[in-house]
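Notes for the one structure printed next.
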Ligand code: NAP
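Numbering (my numbering), first residue to last: 1 to 242.
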């Protein structure tokens, strides 16, 4: 039984990733911050499909909070270790750079980037000891090409891609792979309210993507078949940018 921790697993892309990994036979640890009902719905969907999962709420931006939750989990599961980590939790606080507050900048950095760092630092040690692991970071097209109004978000996602490439080289000899997935526009709560009719004209596929289309790539990267893919960024964007 492989244990997979998915941050932000309660909704959107994270929920689809949880369902995919459970379908592949993993026991999924569903992290979220405050959306308990949505997280329970993810858990119920996994169990209804015959999989196993559990909820582990913590704020990824708060390292102390994260450590407390993982210490508790480890003491309840002394022989288990998390071999798959999907850093998916993310927020956006879009505004033009001249209007961006310190809070907008730091909230996005703390959740989208620092949270991933805290989890990587905590969990990669055990993966190294066991000589097996998968780390998958959910970046964004914004981290590859930049996006006006997203100075904070584009910076966090670009940094995540740099961190992915760096860590891949540190741990590749221990049979651990570290990759990033860069979605374009995916239909979730995060993109609700965007001008879909206009934006889809920019996308060669002519539509927003589905969370399951991102989850399929994450599932592949988490599988044994992807053992020789390391330090890559895979775009899932309908041809929007590459
Ligand atoms: P979403 O629907 O807004 O869901 C965000 C998830 O992250 C929720 O489960 C939320 O849980 C969790 N989360 C937020 N802050 C958290 C925190 N501090 N600690 C723990 N969990 C936290 O977003 P999404 O569209 O699925 O996006 C998922 C990831 O894909 C993000 O990293 C996003 O940047 C990236 N992405 C999305 C798109 C897109 O078009 N949707 C495109 C490119 C990249 P709570 O409800 O409990 O807060």
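Ideal placement from N, C-alpha and C gives every residue a C-beta, glycine not left out.
Taking 6 Å as the limit between beta carbons, can you name the residues of its chain near residue 18, skipping five residues before and five after?
6, 9, 28, 30, 42
Rounded C-alpha distance that separates residue 127 from residue 158
25 Å
CB of residue 21 within 8 Å of CB of residue 222, strictly:
yes
Segments assigned beta strand (DSSP E), at least 3 residues, entirely inside the region 31-67
52-55
Whose C-beta lies closer than 7 Å to the C-beta of residue 107 among residues of the same chain, with five residues either side of it excluded?
91, 93
By the DSSP assignment, the alpha helix (DSSP H) with residue 198 in it spans what residues?
196-199
Do the CB positions of residue 233 and residue 184 come within less than 8 Å of each other?
Cβ atoms of residue 233 and residue 184: not closer than 8 Å.
Cβ-Cβ separation, residue 186 to residue 13 (assumed contact under 8 Å), whole Å
6 Å
Figure out for me which residue from 119, 51, 38 has the closest Cα to the Cα of residue 25.
Of the listed residues, the one whose Cα sits closest to residue 25 is 51.
Pull up the distance between the alpha-carbon of residue 195 and that of residue 208, whole angstroms please.
11 Å
Below 8 Å between beta carbons: does that hold for residue 152 and residue 231?
no
Segments assigned alpha helix (DSSP H), at least 4 residues, entirely inside the region 116-168
Taking only runs of at least 4 residues, the alpha helix (DSSP H) segments lying wholly in the region 116-168 are 141-145.
According to DSSP, residue 209 sits in a beta bridge with which residue or residues?
Looking at the DSSP output, residue 209 bridges to 186.
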